[in-house]
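The sequence shown begins at 148 in our numbering and counts up one residue at a time.
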Amino acid sequence: MMSQKRPRSQIARLLNLLREPVYFVDGQWRIRFCNRACLEWLACREEDIIDRRCAFHSSFDLEPGDALAAGLCPPPGAFDRDETMGTVACLTPDGQLRRRHARFLRVHDLEGRPALLVVVADKDGIDTVPRLTDISPETTHQQLQALALHEQIREFRQGIATRFHAHLLMGTSAVAKRMQQQVAAAASLANHVVVVEPPGGHGAELAKAIFYAARPDPQQCLVPLPCEELDPDILRNTLQAFAAISLPSGLTHTFILENLHQLPWPTQQVLYEFLRRPPHGIRVIATTQSDLMTLASQGKLIEDLGQMLSTFLIFIPPIRERREDIPLIAQTLLEDCNAKESKQVMGFTSEVLDILAQHDWPNNYAELASVIQQAHNRAAGTLIALADLPQDFRWAFQKKLRSLKEPEKISLPAFLAQVEKELLARALRRARGNKSLAAKMLGVSRPRLYRRLVQYGLISPEEE
């Protein structure tokens with residue numbers, strides 16, 4: 148019986164003769180083979196890409212090999228068809244994102260398991276978001292919408308989002324751009340920073356974005372500390388330990404104090420005494436749900452500490468104030484689920500995107516992330532459908548729709564009576580209780596005025 152090794156080597160030799168890049172993806176979305184042309188296009192070695200998982204995502208914090216593999220991801224559903232058209236992307240050494248057409252051919256490996264053989268065009272041919280002509284005829288408008296969002300995330304990853312590492316900065320709205328500019332400004336300074344967040348606002352994520360946006364030196368440390376019940380001795384010892392680490396001039400360690408509004412008073416005193424004696428080589432980025440000076444006026448924060456930290460403020464708006472960014476943020480969160488799990492979901496139906504954009508999100512970004520995670524777990528197809536959304540979320544949205552569809556009923560007689568009562572009361576006040584003058588002001592007889600005043604309870608029947 149011929150060994151399996153020989154056919155594999157023969158196939159590999161044949162594929163290496165092709166000028167088109169070719170790679171092989173197994174059923175676990177791992178790259179098992181790349182021919183020479185593919186390695187040349189990717190500008191990498193075989194060991195840099197083989198066995199990497201090429202899931203449908205554009206997540207942050209990727210190793211170089213994982214970033215290459217993510218650009219080669221097949222569209223979800225490619226394993227269900229004999230042939231799928233699509234696009235793949237490669238980051239060139241000069242930092243440019245190059246796209247090419249690709250054919251995803253369903254095959255089986257030597258053990259009979261489903262896999263994909265991917266043949267890539269031998270020239271860069273797509274420099275923008277894919278059009279309908281770039282992908283399979285079977286692709287629906289909703290799938291194309293998901294692919295467009297996926298490509299937007301890729302673009303962000305090569306620019307702003309690569310430096311910022313923050314999902315809540317994704318977007319093109321005026322609010323998103325302002326936050327991006329604020330983070331860039333905060334990263335360029337050595338000042339302490341306060342991030343004011345709404346409940347569920349992911350302020351700690353934004354704080355980390357400020358640290359990474361500065362492209363920190365490897366010697367600089369990021370130290371996140373939750374403030375609730377933070378012991379003063381633990382904080383003092385930690386601050387002193389990092390302050391003792393010698394850093395080149397101009398570099399600092401960054402402490403992220405999460406939920407500063409919950410920091411106990413004795414621990415506040417330790418922090419204040421430490422920060423008031425520079426140089427100490429420590430920069431603080433604090434997150435809070437209340438403005439620090441407001442907390443100080445309420446006696447919940449040492450006022451001098453609040454002033455010391457509030458040199459640069461960033462306010463995270465509620466997600467309902469940036470509804471146009473919700474589809475892109477939701478797609479980013481969905482692709483994070485793809486990166487962590489074996490199930491691969493392409494995007495959302497148009498109906499679901501509309502619902503996500505209309506919801507009020509009382510718990511903000513944390514609530515959106517939870518809904519997307521649950522929907523990903525429930526999804527049976529390549530797109531998140533209405534039935535995949537958590538039941539309690541659907542109920543809450545349906546309740547909101549019913550309230551919008553059922554306008555408040557107005558009783559015209561009751562409304563007019565309330566208006567008449569208000570006019571009578573005003574006339575009586577302006578006339579300083581003189582009923583004859585009030586009747587003259589209203590253009591009615593005094594007896595009629597008297598009856599109306601009694602009727603509405605503005606005077607007692609005994610009054611004259």
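We put the beta carbon where it would ideally sit given N, CA and C, even for glycine.
>> Assuming valine 172 and leucine 162 are in contact, meaning their beta carbons sit under 8 Å apart, how far apart are those beta carbons, in whole angstroms?
In response: For the purposes of this step, residue 172 is identified with residue 25 of the sequence shown, where counting begins at 1. For the purposes of this step, residue 162 is identified with residue 15 of the sequence shown, where counting begins at 1. Contact check for valine 172 and leucine 162: beta-carbon distance about 14 Å, past the 8 Å limit, so the pair fails to qualify.
> Grouping DSSP H, G and I as helix and E and B as strand, with all else coil, what is glutamate 230?
Replying inline: Translated into positions along the sequence shown, residue 230 becomes position 83. Reduced to three states, the DSSP call for glutamate 230 is strand.
> For the alpha helix (DSSP H) that isoleucine 196 lies in, which residues bound it at each end?
Replying inline: On the sequence shown, residue 196 is found 49 positions in, with the first residue counted as 1. Counted as a single uninterrupted DSSP element, the alpha helix (DSSP H) harbouring isoleucine 196 occupies residues 193-196.
> What first and last residue would you give for the beta strand (DSSP E) that runs through cysteine 181?
Replying inline: Within the sequence shown, the letter at position 34 stands for residue 181. Residues 178-181.
> Where does histidine 297 sit, in a helix, a strand or coil, going by DSSP?
Replying inline: Position 150 of the sequence shown, counted from the first residue, corresponds to residue 297. Collapsing the DSSP output to three states places histidine 297 in a helix.
>> Please state whether the Cβ-Cβ distance between aspartate 195 and isoleucine 178 is less than 8 Å.
In response: Residue 195 sits at position 48 when you count from the first residue of the sequence shown. Residue 178 sits at position 31 when you count from the first residue of the sequence shown. Taking 8 Å as the Cβ cut-off, aspartate 195 and isoleucine 178 do not qualify as a contacting pair.
>> Using a Cβ-Cβ distance cut-off of 8 Å, determine whether glutamine 416 contacts chain B.
In response: The structure shown contains no chain B; it is built from a single protein chain.
> Which ranges does the beta strand (DSSP E) cover as unbroken runs of at least 3 residues, wholly within the segment 314-398, from first to last along the chain?
Replying inline: For the beta strand (DSSP E) assignment, the uninterrupted runs of no fewer than 3 residues enclosed by the segment 314-398 are, from N- to C-terminal side, 340-343, 369-373.
>> Tell me the DSSP secondary structure of alanine 443 in three-state form.
In response: By 1-based counting over the sequence shown, the position of residue 443 is 296. Alanine 443 carries a helical assignment under DSSP once its states are collapsed to helix, strand and coil.
>> For threonine 280 and histidine 297, what's the separation of their Cα atoms in angstroms?
In response: Against the sequence shown, residue 280 aligns to sequence position 133. Against the sequence shown, residue 297 aligns to sequence position 150. Confidence at threonine 280 is low in this model, with a pLDDT of 47, below 50, so its placement is unreliable and the value that follows should be read with caution. If you draw a straight line from the Cα of threonine 280 to the Cα of histidine 297, it is about 17 Å long.
> Could you give the distance in angstroms between the alpha-carbon of leucine 481 and the alpha-carbon of glutamine 520?
Replying inline: What you label residue 481 is simply residue 334 of the sequence shown in a count that begins at 1. What you label residue 520 is simply residue 373 of the sequence shown in a count that begins at 1. Glutamine 520 has its alpha-carbon roughly 7 Å from the corresponding atom of leucine 481.
>> Taking the alpha carbon of histidine 349 as the reference point, which residue from Gln491, Ala433, Met232 has its own alpha carbon closest?
In response: Position 202 of the sequence shown, counting from 1, holds the residue named residue 349. Shortest Cα-Cα distance from histidine 349 to any of Gln491, Ala433, Met232 involves Ala433.
> Just reading off the alpha helix (DSSP H) that phenylalanine 203 is part of, what are its end residues?
Replying inline: As a working mapping, residue 203 is identified with position 56 in the sequence shown. First-last for phenylalanine 203: undefined, no H or E at that position.
> Hey, out of Ala190, Ala334, Glu376, whose CA is closest to isoleucine 357's CA?
Replying inline: Here residue 357 corresponds to residue number 210 of the sequence shown, with the count starting at 1. When only C-alpha atoms are compared, the closest one is Ala334.
> Closest to proline 373 by CA distance: which of Ala361, Leu407, Ser497 is it?
Replying inline: Counted from its first residue, the sequence shown places residue 373 at position 226. Each of Ala361, Leu407, Ser497 was checked against the Cα of proline 373, and the nearest Cα belongs to Leu407.
>> At the level of alpha carbons, what is the spacing between lysine 355 and lysine 547?
In response: In the sequence shown, residue 355 corresponds to position 208, counting from 1. In the sequence shown, residue 547 corresponds to position 400, counting from 1. Cα to Cα, the separation comes out at about 35 Å.
>> DSSP three-state label for alanine 578, please.
In response: As a position in the sequence shown, residue 578 is number 431, starting the count at 1. When DSSP states are grouped into helix, strand and coil, alanine 578 belongs to the coil group.
> Looking only at its own chain, which residues have a Cβ that is under 6 Å from the Cβ of valine 601, when we skip the five neighbours before and after it?
Replying inline: For this step, residue 601 is matched to residue 454 along the sequence shown. Pro608.
>> Given this structure, state the Cα-to-Cα distance separating proline 594 from alanine 561, to the nearest angstrom.
In response: Locating residue 594 in the sequence shown gives position 447, where the first residue counts as 1. Locating residue 561 in the sequence shown gives position 414, where the first residue counts as 1. Each residue's alpha carbon lies about 23 Å from the other.
>> Using a Cβ-Cβ cutoff of less than 7 Å, which residues in the same chain neighbour cysteine 191 once the five nearest sequence positions on both sides are dropped?
In response: Within the sequence shown, the letter at position 44 stands for residue 191. Leu215, listed in sequence order.
> Is proline 537 near valine 518, with beta carbons less than 8 Å apart?
Replying inline: Translated into the one-based positions of the sequence shown, residue 537 becomes position 390. Translated into the one-based positions of the sequence shown, residue 518 becomes position 371. Yes; because the gap between Cβ atoms is below 8 Å, this pair is in contact.
>> For a quick check, are the C-beta atoms of alanine 184 and glutamate 210 less than 8 Å apart?
In response: What you label residue 184 is simply residue 37 of the sequence shown in a count that begins at 1. What you label residue 210 is simply residue 63 of the sequence shown in a count that begins at 1. It is not a contact, given that the beta carbons lie outside the stated cut-off.
> Terminal residues of the continuous alpha helix (DSSP H) containing histidine 523?
Replying inline: Position 376 of the sequence shown, counted from the start, is the residue given in the question as residue 523. DSSP places histidine 523 in the uninterrupted alpha helix (DSSP H) bounded by 511-525.
> Where DSSP assigns a beta bridge to proline 261, which residues make up the other side?
Replying inline: Position 114 of the sequence shown holds residue 261. Paired residues: His255.
> Out of Gln243, Glu187, Ala262, Asp256, which has the shortest C-alpha to C-alpha gap to cysteine 220?
Replying inline: For the purposes of this step, residue 220 is taken as the residue at position 73 of the sequence shown. Out of Gln243, Glu187, Ala262, Asp256, Ala262 has the C-alpha closest to the C-alpha of cysteine 220.
>> Please report the straight-line C-alpha distance between alanine 522 and proline 345, rounded to a whole angstrom.
In response: For this step, residue 522 is matched to residue 375 along the sequence shown. For this step, residue 345 is matched to residue 198 along the sequence shown. Between alanine 522 and proline 345, the C-alpha separation is close to 24 Å.
> Expressed to the nearest angstrom, what Euclidean distance is found between the alpha-carbon atoms of tyrosine 189 and leucine 238?
Replying inline: Position 42 of the sequence shown, counting from 1, holds the residue named residue 189. Position 91 of the sequence shown, counting from 1, holds the residue named residue 238. It is worth fixing the name first, because residue 189 is leucine in this sequence and not tyrosine. Taking the straight line joining both Cα atoms gives about 8 Å.
> For glutamate 405, which residues does DSSP report across the bridge?
Replying inline: Taking the first residue of the sequence shown as 1, we reach residue 405 at position 258. Looking at the DSSP assignment, glutamate 405 forms a beta bridge with Pro373.
> What is the residue span of the alpha helix (DSSP H) that isoleucine 502 lies within?
Replying inline: Taking the sequence shown and counting its residues from 1, one reaches residue 502 at position 355. Unbroken alpha helix (DSSP H) run through isoleucine 502: 497-505.
>> Between which residues of its own chain and valine 342 is the CB-CB distance below 6 Å, once the five residues before and five after are set aside?
In response: For the purposes of this step, residue 342 is taken as residue 195 along the sequence shown, with counting starting at 1. The answer, listed in chain order, is Gly350, Leu353, Ala354, Thr434, Ile461.
>> Using 8 Å as the threshold, is the C-beta distance between leucine 315 and isoleucine 476 below it?
In response: For this step, residue 315 is matched to residue 168 along the sequence shown. For this step, residue 476 is matched to residue 329 along the sequence shown. Going by C-beta atoms, leucine 315 is nearer than 8 Å to isoleucine 476.
>> Quick check on histidine 427: does DSSP put it in helix, strand or coil?
In response: Translated into the one-based positions of the sequence shown, residue 427 becomes position 280. Three-state result, histidine 427: coil.
>> Whole angstroms are fine: how far does the CA of leucine 394 sit from the CA of threonine 414?
In response: For the purposes of this step, residue 414 is taken as the residue at position 267 of the sequence shown. For the purposes of this step, residue 394 is taken as the residue at position 247 of the sequence shown. One Cα belongs to threonine 414, the other to leucine 394, and the distance between them is close to 26 Å.
> In or out: glutamate 405 buried (at least 16 other Cβ within 10 Å) or exposed?
Replying inline: Counting from one through the sequence shown, the residue named residue 405 turns up at place 258. Burial state of glutamate 405 is buried, judged by a 10 Å Cβ sphere holding 16 or more other Cβ atoms.
> Relative to the alpha-carbon of valine 266, which residue among Ala390, Asn182, Asp364, Trp176 has its alpha-carbon at the smallest distance?
Replying inline: Counted from its first residue, the sequence shown places residue 266 at position 119. Nearest C-alpha to valine 266: Asn182.
> Are the beta-carbon atoms of tryptophan 412 and arginine 467 separated by less than 8 Å?
Replying inline: Your numbering for residue 412 matches position 265 in the sequence shown. Your numbering for residue 467 matches position 320 in the sequence shown. Against a cut-off of 8 Å, the Cβ pair of arginine 467 and tryptophan 412 comes out as no contact.
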